[in-house]
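Protein sequence lines, in the order shown, are assigned to chains A and B. Take the first sequence: its letter number 219 is residue 218 in numbering that gives the first Met the number 0, and every next letter is one higher. Take the second sequence: its letter number 68 is residue 67 in numbering that gives the first Met the number 0, and every next letter is one higher. Ideal Cβ placement from N, Cα and C applies to all residues, glycine included.
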Amino acid sequence: MEATYIKRKKDGRIHIKSGNKGDRVLRSTLGVLTILTFVAFLFFNYAGLELGSAITETAYNLKVMFFEPALSHFGLREAIYQVGITLSLAFLATIIGAIIAFFLSLMAATNLAPLGLTRIIRVFVAFIRAVPTVLWVLIFAIAAGLGSEAAVLGMLFHSIAYLVKAFSEAFEEVDKGILEAVRSTGGNWWHIVKSGVLPSTFTYLLSWIFLRFEINFGVAVAMGAAAGAGGIGFDLFMASSFYFDMREVGFITYAILIVAFLLEVVSTRLKKRFFPATSD
Amino acid sequence: MNEKKMRKNRWQTVIFLLIIIVLTYLSAAITSFNFVDGLATIPKAIGWMFSNLMVTQETLDKLPTILEKLAETTFMSIAATTIAAVVSLFLGVLGSKVTKVNNFLSVFARFIASVSRNIPVVAWALVLLISFGQNSVTGFLALFVGTVGFLTRAFIESIDEASQSSVEALIATGSTYFQIVGKAVIPQSLPQMISWVLFMVETNIRNATLVGILTGTGIGYTFDMYYKMLNYNAVALVTLCIVIIVIVVDLISNYVRKVIL
């Protein structure tokens with residue numbers, strides 16, 4: 000009788016794991032990431048870096064920022080107003096984005112639109128997503144002039160791309176039976192959307208929109224600093240890059256932190272209520 | 000659902016829509032955003048993009064410089080993400096309900112994650128810029144801090160989601176804490192974690208552009224320079240390069256995700 004072939008290691012031990020594809024890819028991903036990280040440090044541009052003094056200075060700056068926050072170039076009322084501007088920019092971009100994304104995602108969901116159309120929309124959305132928001136804002140700023148229009152439009156593009164992806168996935172998960180039921184009563188495409196898709200996904204859509212609002216607040220701060228879109232981000236940029244006033248930077252950081260924290264609490268609650276499966 | 004409830008629902012919807020409309024109007028007033036102007040700008044801007052954002056022959060000469068900066072930015076994002084992932088792994092293990100050592104450390108880990116996530120990357124970049132100066136380390140640290148916050152939250156969720164039963168089985172055999180974490184928790188949540196790390200690499204390449212504009216490093220600085228020189232053909236080339244690298248990373252991570260999850 001022929002002996003069964005058993006795969007052994009060099010020292011004679013038997014292989015107890017059969018390497019499958021998933022395992023191999025997982026390992027190679029980890030390996031590649033590790034190697035790239037080491038290579039990265041060789042590629043860095045270390046111009047003008049004095050690590051020792053930089054660390055102590057930063058520690059001192061952080062201490063001043065967090066323990067002695069104060070406003071010197073504008074008052075509390077102005078600070079609240081600027082936070083309001085940033086929130087408004089985020090809100091406008093989210094609401095307009097949500098409306099446009101709703102219609103686009105109807106065209107991107109495979110169960111509601113022809114396959115060719117969904118592909119076109121998806122490629123288009125992937126392209127929009129690949130361009131960083133700040134580049135969109137800066138590009139729009141040339142055509143629209145620096146101001147709220149450029150900021151909102153630039154942020155709008157990414158909001159649309161993000162929401163189209165989320166919405167169309169939600170639409171695709173709608174029970175086939177619901178669509179069939181509306182169709183069998185002679186409902187046209189719009190009836191299917193209005194009475195079949197919308198009622199069963201509405202709460203999902205709302206919580207995605209709120210999640211995007213949370214993200215957009217952070218983006219709006221960044222756009223204020225990098226693209227001159229105004230709001231608290233611009234004050235942050237001025238305080239740190241022009242006045243070098245760490246106390247003011249600290250105050251602004253706290254203001255941003257509080258708003259971001261509140262938004263996070265609300266969105267976690269919404270998530271717990273509407274996506275019970277994904278949280279806890 | 001009876002008629003009364005339906006009527007109540009309808010009223011709720013109307014009130015909700017009214018609140019949204021009022022808020023939209025208020026926001027538009029505060030930021031002096033004009034809807035008509037805004038909408039009119041879109042076709043104008045797209046027309047402008049098609050006529051000015053064209054890659055020409057001369058700009059192709061700048062390709063080597065751009066690619067070098069792009070490589071710097073990409074490597075910086077990858078390094079920031081992987082090192083942040085290692086730190087987040089520890090914080091995630093400490094913070095998760097399944098594997099926490101004690102309540103104090105758990106709350107501490109969550110607190111660190113929350114603070115570093117909610118302070119925008121911009122603020123970190125600007126503060127670090129003051130003492131670290133214009134080099135890759137500033138961008139690296141800014142991205143690192145933000146990524147730690149995000150990944151810790153994601154890792155905590157992944158660890159919590161991983162099944163309890165294998166942890167229980169190991170406890171039953173009398174395993175130590177490190178054996179439980181090393182043999183049950185991490186292997187189970189690793190694919191999910193890798194998926195988050197890949198997502199973060201892609202996000203960080205885009206964020207690195209923003210950080211680059213603020214701190215004067217990498218591809219962001221190159222973009223800003225050509226933008227301020229009004230050399231829009233070069234701007235188009237830089238944008239195109241970023242788009243290509245982001246889409247390539249996205250494709251790779253989609254492939255990996257499909258195989259490992």
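CB contact check: B:E71 to chain A, cutoff 8 Å: Working through the second sequence from its first residue, we reach residue 71 of chain B at position 72. Cβ-Cβ to chain A under 8 Å: yes for B:E71.
Contact with chain B by A:T28, beta-carbon distance below 8 Å: For the purposes of this step, residue 28 of chain A is taken as the residue at position 29 of the first sequence. So, interface residue.
Three-state secondary structure assigned by DSSP to A:R12: As a first step, residue 12 of chain A is located in the first sequence; it is residue number 13 there, counting from the start. Coil at A:R12, not helix or strand.
Cα-Cα separation, A:P68 to B:L140: Looking up residue 68 of chain A in the first sequence gives position 69. Looking up residue 140 of chain B in the second sequence gives position 141. Annotation: A:P68 to B:L140 spans about 23 Å, alpha carbon to alpha carbon.
Cβ shell of A:S278 (< 6 Å), same chain only, five flanking positions each side left out: Locating residue 278 of chain A in the first sequence gives position 279, counting from the first residue. Annotation note: pLDDT 37 at A:S278 (below 50); position unreliable, no value reported.
Within 8 Å, strictly: CB atoms of A:G230 and A:A221: Indexing the first sequence from 1 puts residue 230 of chain A at position 231. Indexing the first sequence from 1 puts residue 221 of chain A at position 222. Annotated as distal: A:G230 and A:A221, with beta-carbon spacing of 8 Å or more.
Classification of A:W189 by the beta-carbon crowding that lies within 10 angstroms, buried from 16 upward: What you label residue 189 of chain A is simply residue 190 of the first sequence in a count that begins at 1. Result: exposed.
When A:G144, A:V181 and A:Y203 are compared against B:A44, the one with the closest alpha-carbon: In the second sequence, counting from the first residue as 1, residue 44 of chain B sits at position 45. Nearest of A:G144, A:V181 and A:Y203 to B:A44, Cα basis: A:G144.
Whole beta strand (DSSP E) elements within the stretch 163–207 of chain B, 3-residue minimum: Taking only runs of at least 3 residues, no beta strand (DSSP E) segment lies wholly in the stretch 163–207 of chain B.
CB contact below 8 Å: A:L145 versus chain B: Sequence index remark: in the first sequence, residue 145 of chain A carries index 146 (1-based). Among the residues facing chain B, A:L145 is not included, as its CB has no counterpart in that chain under 8 Å away.
Proximal chain A residues relative to B:I41, where beta-carbon distance stays under 7 Å: One-based indexing of the second sequence puts residue 41 of chain B at position 42. Ordered by position in chain A, the residues that pass the 7 Å Cβ test against B:I41 are L152.
Three or more C-beta pairs below 8 Å linking the stretch 143–155 of chain B and the stretch 79–94 of chain B: In this structure the stretch 143–155 of chain B lies against the stretch 79–94 of chain B, because at least three pairs of beta carbons, one per stretch, are closer than 8 Å.
Beta-carbon spacing of B:G217, B:G145 below 8 Å: Position 218 of the second sequence, counted from the start, is the residue given in the question as residue 217 of chain B. Position 146 of the second sequence, counted from the start, is the residue given in the question as residue 145 of chain B. No, these two residues do not count as a Cβ contact at 8 Å.
Sequence-distant residues of the same chain with beta carbon closer than 7 Å to B:V180, five excluded per side: Counting from 1 along the second sequence, the entry for residue 180 of chain B is found at position 181. Around B:V180, the same chain offers V92 and T98 as residues with beta carbons nearer than 7 Å, after the five sequence neighbours per side are excluded.
Beta-carbon proximity of A:T57 to B:L142, cut-off 8 Å: Start at 1 with the first residue of the first sequence, and residue 57 of chain A comes out as number 58. Start at 1 with the first residue of the second sequence, and residue 142 of chain B comes out as number 143. Using a Cβ distance threshold of 8 Å, A:T57 and B:L142 do not count as a contacting pair.
Ordered list of alpha helix (DSSP H) runs contained in the stretch 101–181 of chain A, each at least 4 residues: If we require 4 residues or more, the alpha helix (DSSP H) runs fully inside the stretch 101–181 of chain A come out as 114–129, 132–143 and 147–171.
Inter-residue Cα distance where the pair is A:A276 and A:S266: Against the first sequence, residue 276 of chain A aligns to sequence position 277. Against the first sequence, residue 266 of chain A aligns to sequence position 267. With a pLDDT of 49 at A:A276, under the threshold of 50, the modelled position of that residue is not reliable, and the figure given next carries that caveat. In a straight line, the C-alpha of A:A276 is about 15 Å away from that of A:S266.
Contiguous alpha helix (DSSP H) assignments of at least 4 residues, all confined to the stretch 33–113 of chain B: DSSP runs (the alpha helix (DSSP H)) wholly in the stretch 33–113 of chain B: 34–51, 56–59 and 62–94.
Buried or exposed by the 16-neighbour rule on C-beta atoms within 10 Å, applied to A:A97: To locate residue 97 of chain A, count along the first sequence from 1; it is residue 98. Looking at its Cβ environment, which holds 16 or more other Cβ atoms inside 10 Å, A:A97 is buried.
Beta bridge counterpart(s) of A:R7 as assigned by DSSP: Walking along the first sequence from the start, residue 7 of chain A turns up at place 8. For A:R7, which the question treats as bridged, DSSP gives the partners A:I13.
Cβ-based neighbour list, B:L52, same chain, cut-off 8 Å, excluding 5 preceding and 5 following: Indexing the second sequence from 1 puts residue 52 of chain B at position 53. The residues are Y231, N232, V234, A235 and T238.
Where B:W10 falls, given that 16 or more other Cβ within 10 Å makes a residue buried: If you number the second sequence from 1, residue 10 of chain B lands on position 11. With fewer than 16 other Cβ atoms inside 10 Å of its own Cβ, B:W10 counts as exposed.
Cβ-based burial, A:R76 [other Cβ within 10 Å; buried from 16]: Counting from one through the first sequence, the residue named residue 76 of chain A turns up at place 77. With fewer than 16 other Cβ atoms from the protein chains shown falling within 10 Å of its own Cβ, A:R76 counts as exposed.
Touch test, the stretch 149–158 of chain A against the stretch 86–106 of chain A, Cβ-Cβ under 8 Å, three pairs minimum: With a cut-off of 8 Å, the stretch 86–106 of chain A and the stretch 149–158 of chain A count as touching, because enough Cβ pairs lie within range.
Residue burial classification, B:R6 (beta-carbon count within 10 angstroms, cutoff 16): Residue 6 of chain B sits at position 7 when you count from the first residue of the second sequence. It counts as exposed.
Closer than 8 Å to chain B by CB, A:G47: Reading the first sequence from its first residue, position 48 is the one you call residue 47 of chain A. Contact of A:G47 with chain B is assigned, a C-beta pair being separated by under 8 Å.
Check whether A:F65 and A:G249 have beta carbons under 8 Å apart: The residue you call residue 65 of chain A lines up with position 66 of the first sequence. The residue you call residue 249 of chain A lines up with position 250 of the first sequence. The answer is yes: Cβ separation under 8 Å.
A:E213 versus A:A180: straight-line alpha-carbon distance, rounded: Residue numbering aside, residue 213 of chain A sits at position 214 when the first sequence is read from its first letter. Residue numbering aside, residue 180 of chain A sits at position 181 when the first sequence is read from its first letter. Rounded to the nearest angstrom, the two C-alpha atoms are 37 Å apart.
Option in A:S71, A:L261 and A:I138 with minimal Cα separation from A:F243: Residue mapping note: residue 243 of chain A aligns to position 244 of the first sequence, counting from 1. Ranking A:S71, A:L261 and A:I138 by Cα distance to A:F243 puts A:S71 first.
Coil, strand or helix - A:A69 by DSSP: For this step, residue 69 of chain A is matched to residue 70 along the first sequence. A:A69: coil per DSSP, three-state reduction.
Closer than 8 Å to chain B by CB, A:K271: Counted from its first residue, the first sequence places residue 271 of chain A at position 272. Not closer than 8 Å to any Cβ of chain B, the Cβ of A:K271 fails to qualify, so no.
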